[in-house]
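Okay, so here's the structure we're looking at.
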Amino acid sequence: MRLALTLGERNLGLTWPNPSVGAVVVDENGRQPIILSQGATQAGGRPHAERVALAAAGHRARGATLYVSLEPCSHHGRTTPCADAVVEAGIRRVVSGIEDPDPRVAGHGHARLRGAGIEVVGGCLSGRAYRAHRGHITRVTLGRPAVTVKLARTTEGFAGSRRPPRLLITAEIANARVHLMRAHADAVMVGVGTVLADDPLLTVRLPGLERRSPVRIVVDSHLRIPAGSRIVETAGEVPTWLVTTAAAPAEAERELASRGVEVLRVPADAQGRVALHDALQLLGSRGLTRVYCEGGPDLADALARADLIDDLVLITGRSARGQGDVPALGTALQDRMDDLRLVGDEQIGPDLFMFWEKP
Numbered sequence: 003m004r005l006a007l008t009l010g011e012r013n014l015g016l017t018w019p020n021p022s023v024g025a026v027v028v029d030e031n032g033r034q035p036i037i038l039s040q041g042a043t044q045a046g047g048r049p050h051a052e053r054v055a056l057a058a059a060g061h062r063a064r065g066a067t068l069y070v071s072l073e074p075c076s077h078h079g080r081t082t083p084c085a086d087a088v089v090e091a092g093i094r095r096v097v098s099g100i101e102d103p104d105p106r107v108a109g110h111g112h113a114r115l116r117g118a119g120i121e122v123v124g125g126c127l128s129g130r131a132y133r134a135h136r137g138h139i140t141r142v143t144l145g146r147p148a149v150t151v152k153l154a155r156t157t158e159g160f161a162g163s164r165r166p167p168r169l170l171i172t173a174e175i176a177n178a179r180v181h182l183m184r185a186h187a188d189a190v191m192v193g194v195g196t197v198l199a200d201d202p203l204l205t206v207r208l209p210g211l212e213r214r215s216p217v218r219i220v221v222d223s224h225l226r227i228p229a230g231s232r233i234v235e236t237a238g239e240v241p242t243w244l245v246t247t248a249a250a251p252a253e254a255e256r257e258l259a260s261r262g263v264e265v266l267r268v269p270a271d272a273q274g275r276v277a278l279h280d281a282l283q284l285l286g287s288r289g290l291t292r293v294y295c296e297g298g299p300d301l302a303d304a305l306a307r308a309d310l311i312d313d314l315v316l317i318t319g320r321s322a323r324g325q326g327d328v329p330a331l332g333t334a335l336q337d338r339m340d341d342l343r344l345v346g347d348e349q350i351g352p353d354l355f356m357f358w359e360k361p
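Just so we're aligned, residue 3 is where the sequence shown starts under the working numbering, counting upward by one.
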């Protein structure tokens, strides 16, 4: 099951709107178990992991055990249900990580397997399976993608400086880890303030993973993003969505659209800014399951205020005594952290990564 989960986790960010599932076919009939084949959900969400693994195993799958990180689907889509494929392959036993809460599945996949005489064991490494599929689970139960907020801070607790030069907090090895997290997200999201201050590119720039750059999303209530920003200039190369309000100027939208930017309009909140709950519901309806927010303290605090943070990654880097003046943690996020659970930490070079999640 650990192998199945790892296989699925490798393709996170590539399979939306479908979950990234891993599957392993094992012959357990002899003195020692033998791995016959393995598979993961492919880019774009098809084919599913079970079908990849079963096709690779061929006739050897008959009488074998299938380990799969998520309950096999039981509904008809572009193909027949994976549960039917498992039955047809002659699998004797299925071990799954968690039940799929998608209403089209929700235990029916397991039931179909049991009805065909297949032994089903559920809940294997369920905690890790839940984390691996949190984006899918959040989308099918709440209608929105799961949101991970990443913040970097100095040892004094600052995320930046209002005066130039730009405050550099983390080392190169930590930056590489951040790019890897980007590569495993469906979308990376920032506020327009980050674009105005830093002019980021928001792509994955790890050697060999450049094509893993996710959708780039900018929350821009009044369409203030400069046409000459790097995000706009490269919109033809990497999908770029701007989320704005109904009141944003139509002329600005036309200019951005001519450059390849897709503008999405949602209602405004009481302050005239993008209503984040509506924005995330819209992103969920477009198939996104995992959004990685790198938008800085203001956007992080707004997401915390709306109770829209599912995971928090807090990176503590170098000291910048006398330079920082923008607190990394706003008041809303500080209050919300009481509702989050610290699940781990990792020292990466000189920088400390700490991971929180919503229970």
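Note that the Cβ used here is the ideal one computed from N, Cα and C, for glycine as well.
Whole angstroms is fine: what's the gap from residue i's alpha carbon to residue j's?
i, j, result
"Leu258", "Ala322", "37 Å"
"Val23", "Arg136", "12 Å"
"Arg106", "Asp200", "44 Å"
"Leu290", "Cys126", "26 Å"
"Ala237", "Pro216", "12 Å"
"His391", "Gly324", "The question about residue 391 has no answer here: the residues shown for the chain are numbered 3 through 361."
"Gly99", "His61", "25 Å"
"Ala87", "Arg53", "7 Å"
"Asn13", "His279", "27 Å"
"Arg33", "Thr67", "15 Å"
"Glu296", "Pro251", "26 Å"
"Ala131", "Ser71", "6 Å"
"Met3", "Ala178", "28 Å"
"Pro167", "Pro103", "48 Å"
"Pro241", "Asp353", "31 Å"
"Arg213", "Asp29", "36 Å"
"Pro35", "Tyr69", "13 Å"
"Pro74", "Phe160", "46 Å"
So, helix, strand or coil for residue i, using DSSP?
i, result
"Asp347", "strand"
"Gln283", "helix"
"Pro329", "strand"
"Thr1", "The structure shown does not extend to residue 1, since the chain is modelled only from 3 through 361, so no value can be given for it."
"Met191", "strand"
"Glu158", "coil"
"Val107", "coil"
"Glu296", "coil"
"Val206", "coil"
"Ala306", "helix"
"Asp201", "coil"
Are residue i and residue j closer than 8 Å when you measure CB to CB?
i, j, result
"Asp309", "Gly332", "no"
"Trp243", "Leu266", "yes"
"His112", "Val97", "no"
"Gly41", "Asn20", "no"
"Val190", "Leu204", "yes"
"Ala57", "Val89", "no"
"Cys84", "His110", "no"
"Val276", "Ile227", "no"
"Asp347", "Phe357", "yes"
"Leu272", "Thr247", "Just to set this straight, residue 272 is Ala in the shown sequence, not Leu. Not a contact, by the Cβ cut-off of 8 Å."
"Ala1", "Val27", "This structure does not reach residue 1, given that the chain is present from 3 up to 361, and the question cannot be answered."
"Leu282", "Arg146", "yes"
Could you tell me which residues DSSP puts in a beta bridge with residue i?
i, result
"Trp243", "Ile219 and Glu264"
"Trp358", "Leu314 and Leu344"
"Ser39", "Val27"
"Ser2", "No answer is possible for residue 2: it lies beyond the span of the chain, which begins at 3 and ends at 361."
"Asp86", "According to DSSP, Asp86 bridges with nothing at all."
"Ala270", "Val276"
"Val142", "Bridge partners of Val142: none, in fact."
"Asp353", "Ile350"
Against chain D, with Cβ distances strictly below 8 Å, would residue i count as a contact?
i, result
"Gly99", "Looking at the structure shown, chain D is missing, and only one protein chain is on hand."
If residue i and residue j are in contact, beta carbons under 8 Å, what's the gap, nearest whole angstrom?
i, j, result
"Val293", "Ala187", "7 Å"
"Gly129", "Arg94", "The pair is not a contact, with the Cβ atoms about 26 Å apart (cut-off 8 Å)."
"Gly351", "Ile175", "4 Å"
"Ala306", "Ala334", "4 Å"
"Ala185", "Gly15", "6 Å"
"Val180", "Ile219", "Contact doesn't hold; Cβ gap of about 17 Å is too wide."
"Asp313", "Thr140", "That belief does not hold up - the Cβ atoms of Asp313 and Thr140 are roughly 10 Å apart, past 8 Å."
"Gly286", "Gly193", "Not a contact, Cβ separation roughly 19 Å."
"Thr43", "Thr17", "5 Å"
"Val315", "Arg164", "About 24 Å; that fails the 8 Å criterion."
"Arg343", "Glu359", "6 Å"
"Gly92", "Ala63", "6 Å"
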